[in-house]
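Residue numbers (this note's numbering): -3 to 315.
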């Protein structure tokens, strides 16, 4: 007797159901998030795409009411152009909007929610500005460090760790006690946005001491994750975001967050003369040139001192 494949029958019925009515873009996105994104993408990526979805609606409020098969390439191109010309979004941000719709349409076409995919015929304007994220200057960093001293320990420790290791937000949140190689002075990053991101990050004596202190403070909470809140619950993106909101309220620093601290870490390392290949490995990058170009933003005071040092050497040689 032939074995019945229940899963195949269920899928077939699902596809037939999809053909009974036209789907709007809003419904297509909802299905993509529910049936694909939530099962295949990391929480941070899903959160980014949800924010990206709102950006598209802001630029073109009626877009999600359009039926999937009715959206024209030229219409979506106007949405992308508007994000550049009217909202001054950077090229990478507009590219994210296009990427979300491209993924959703591929999914919709595969499962027969629609018959056409208009997104491949669109492109991001060449005139879109390049996004430039700058780390904190040395003076701004000192301001943030002073403010952080007045935060609860569990909030303070997360910010300090980010500033002195260059970890991404998701890497910090996913860090477990089993990832800390105590004898070797490393933490192992096992969950990252890229394969290169799976790496060993060295720890300074300052951060080692911080980890011992966190372990002591949380000794009765028995949590496998290093960073927890006051009740011993694992740190969440929302709680970390609120921590930086508190910092912004108390300082003159306009933009500060996990990614800014990552850039700050790279800048301070370059100023101290670190080997660029070593820095790229610590940051989880393939190309040291990318690390230097994108992440290293040298402090003005450092540049001035370096210039004077070189000029002084030239003057001494001339004399």
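Glycine included, C-beta positions come from ideal geometry on N, C-alpha and C.
- Counting along the chain, the unbroken beta strand (DSSP E) around residue 182 starts and ends at 182 to 185.
- Distance from the CA atom of residue 270 to the CA atom of residue 284, rounded to whole angstroms, is 12 Å.
- Straight-line spacing of the CA atoms in residue 25 and residue 245 works out to 35 Å.
- Here residue 225 has 150, 231 and 235 as same chain residues with Cβ atoms under 7 Å from its own Cβ, once five neighbours each way along the sequence are excluded.
- The beta carbon of residue 86 lies closer than 6 Å to those of 125 and 127 in the same chain, with the five residues before and after it left out.
- In the DSSP assignment, residue 268 falls outside any beta strand (DSSP E), carrying neither H nor E.
- Inside the region 209 to 265, DSSP marks whole alpha helix (DSSP H) runs of 4 or more residues at positions 233 to 245, from first to last along the chain.
- Counting every other CB atom within 10 Å of its CB across the protein chains shown gives residue 114 a total of 16 or more, marking it as buried.
- Check the Cα spacing between residue 168 and each of 189, 148 and 212: the tightest is with 189.
- In the three-state reduction of the DSSP assignment, residue 138 falls in the helix class.
- Looking at the DSSP output, residue 274 bridges to nothing.
- By DSSP's assignment, residue 198 forms a beta bridge with 182.
- Taken atom to atom, the span from the alpha-carbon of residue 227 to that of residue 136 is near 31 Å.
- Beta bridge pairing from DSSP links residue 176 with 183.
- In this structure, the alpha-carbon of residue 35 lies about 45 Å from that of residue 296.
- Closest in C-alpha terms to residue 186, from the list 63, 179, 178 and 196, comes 196.
- A contact is defined here as three or more CB-CB pairs under 8 Å, and the region 48 to 57 meets this definition with respect to the region 90 to 103.
- Under the three-state reduction of DSSP output, residue 41 falls in the helix class.
- Taking a cut-off of 8 Å on C-beta distances, the region 200 to 210 touches the region 147 to 162, as three or more cross pairs fall below it.
- Around residue 240, the same chain offers 155, 252, 253 and 254 as residues with beta carbons nearer than 8 Å, after the five sequence neighbours per side are excluded.
- With 16 or more other CB atoms across the displayed protein chains lying within 10 angstroms of its CB, residue 157 is buried.
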